[in-house]
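**Student:** Pasting a structure below so you can have a look.
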Amino acid sequence: MISKTVEQFYSDISDISMRLVRAHGLTHRAPDDQPDLALFRWMDYRLRRINPQRREVHKSSRFPIDGLPSTVQKALSLIEARFANGDDVNPYLSKGTIHNDVAHPKQQNRTDGLWADWDIHHFHLTAEPLTEGQRFSKRSGWLLFAKVYDDAVA
Numbered sequence: 002m003i004s005k006t007v008e009q010f011y012s013d014i015s016d017i018s019m020r021l022v023r024a025h026g027l028t029h030r031a032p033d034d035q036p037d038l039a040l041f042r043w044m045d046y047r048l049r050r051i052n053p054q055r056r057e058v059h060k061s062s063r064f065p066i067d068g069l070p071s072t073v074q075k076a077l078s079l080i081e082a083r084f085a086n087g088d089d090v091n092p093y094l095s096k097g098t099i100h101n102d103v104a105h106p107k108q109q110n111r112t113d114g115l116w117a118d119w120d121i122h123h124f125h126l127t128a129e130p131l132t133e134g135q136r137f138s139k140r141s142g143w144l145l146f147a148k149v150y151d152d153a154v155a
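Here it is as structure tokens:
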């Protein structure tokens with residue numbers, strides 16, 4: 002038997018989570034009989050976001066930067082500087098951060114599998130500047146895969 006206090010706690014957590022999901026414009030279609038999925042949806046979003054803070058950048062010595070188009074080299078330099086300066090890199094993440102939904106019937110639409118399994122983010126490489134209030138950068142066919150730590154990115 003679950004006490005009324007515990008039931009109220011779960012109800013409050015679900016309500017707060019749903020408010021956060023809505024406030025951040027996240028896709029979420031959980032069935033009414035599963036209100037706890039709002040917490041999972043919120044946590045999927047929040048854990049995928051990267052806190053803006055300075056990070057040391059570690060690049061592979063095996064990465065063939067010289068063979069890349071100049072626009073891609075410029076985009077790599079831009080995102081490296083954003084990490085080093087502690088600027089927001091979230092606009093370069095997948096739009097799946099807001100469009101994925103833990104309640105989606107198709108597993109591949111629930112979260113980013115590479116992030117979920119390996120904690121590896123992918124960033125769209127574009128040097129086009131962001132405009133004020135723009136949530137995401139221009140999408141790009143060139144992606145950067147990176148492991149992000151509190152004080153470093155590799």
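Position in the sequence shown counted from 1, then plus 1, gives you the numbering used here.
Think of the CB as a built atom: it goes at the ideal place given N, C-alpha and C, for glycine as much as any other residue.
Every value quoted in this text rests on a predicted model; they were computed, and no experiment measured them.
(1) Beta-carbon separation of residue 126 and residue 73 under 7 Å?
(2) Checking the sheet assignment: what are the DSSP bridge partners for residue 154?
(3) Taking the DSSP output, what are the residues bridged to residue 121?
(4) What would DSSP say about residue 38, mapped onto helix, strand or coil?
(5) Thinking just about the alpha-carbon of each residue, which of 70, 111, 93, 113 is nearest to the one in residue 140?
(6) In terms of residue numbering, what span does the alpha helix (DSSP H) encompassing residue 11 cover?
(7) What number of angstroms, rounded off, separates the C-alpha of residue 54 from the C-alpha of residue 152?
(8) Rounded C-beta distance between residue 15 and residue 39? I'm assuming under 8 Å.
(9) Could you give the uninterrupted runs of the alpha helix (DSSP H) lying entirely in the stretch 57 to 104, keeping only those of 4 residues or more?
(10) Taking 7 Å as the threshold (C-beta atoms), are residue 112 and residue 67 in contact?
(11) Can you give me the C-alpha to C-alpha distance between residue 89 and residue 105, rounded to a whole angstrom?
(12) Among 49, 69, 91, whose alpha-carbon lies nearest the alpha-carbon of residue 134?
(13) With a cut-off of 8 Å on the beta carbons, I'd call residue 82 and residue 128 a contact; round off their distance for me.
(14) Among the candidates 80, 123, 78, whose CA atom is the shortest distance from the CA of residue 98?
**Tutor:** In terms of the structure at hand:
(1) Counting from one through the sequence shown, the residue named residue 126 turns up at place 125. Counting from one through the sequence shown, the residue named residue 73 turns up at place 72. It is a contact, given that the beta carbons lie within the stated cut-off.
(2) Against the sequence shown, residue 154 aligns to sequence position 153. In DSSP, residue 154 forms a bridge with 58, 149.
(3) Sequence index remark: in the sequence shown, residue 121 carries index 120 (1-based). For residue 121, which the question treats as bridged, DSSP gives the partners 148.
(4) Counting from one through the sequence shown, the residue named residue 38 turns up at place 37. Three-state DSSP puts residue 38 in a helix.
(5) Sequence index remark: in the sequence shown, residue 140 carries index 139 (1-based). Nearest C-alpha to residue 140: 93.
(6) Counting from one through the sequence shown, the residue named residue 11 turns up at place 10. First-last of the alpha helix (DSSP H) with residue 11: 5 to 24.
(7) For the purposes of this step, residue 54 is identified with residue 53 of the sequence shown, where counting begins at 1. For the purposes of this step, residue 152 is identified with residue 151 of the sequence shown, where counting begins at 1. Spanning the two alpha carbons is a distance of roughly 8 Å.
(8) For the purposes of this step, residue 15 is identified with residue 14 of the sequence shown, where counting begins at 1. For the purposes of this step, residue 39 is identified with residue 38 of the sequence shown, where counting begins at 1. Going by Cβ atoms, the distance from residue 15 to residue 39 rounds to 5 Å, so yes, they are a contact pair.
(9) 71 to 86, 97 to 100
(10) Position 66 of the sequence shown, counted from the first residue, corresponds to residue 67. Position 111 of the sequence shown, counted from the first residue, corresponds to residue 112. Contact: no.
(11) Taking the sequence shown and counting its residues from 1, one reaches residue 89 at position 88. Taking the sequence shown and counting its residues from 1, one reaches residue 105 at position 104. Roughly 28 Å between the two C-alpha positions.
(12) Locating residue 134 in the sequence shown gives position 133, where the first residue counts as 1. Residue 134 has its Cα closest to that of 91, out of 49, 69, 91.
(13) Counted from its first residue, the sequence shown places residue 82 at position 81. Counted from its first residue, the sequence shown places residue 128 at position 127. In this structure, residue 82 and residue 128 do not form a Cβ contact; the two beta carbons are roughly 11 Å apart against a cut-off of 8 Å.
(14) As a first step, residue 98 is located in the sequence shown; it is residue number 97 there, counting from the start. Per the Cα distances, 123.
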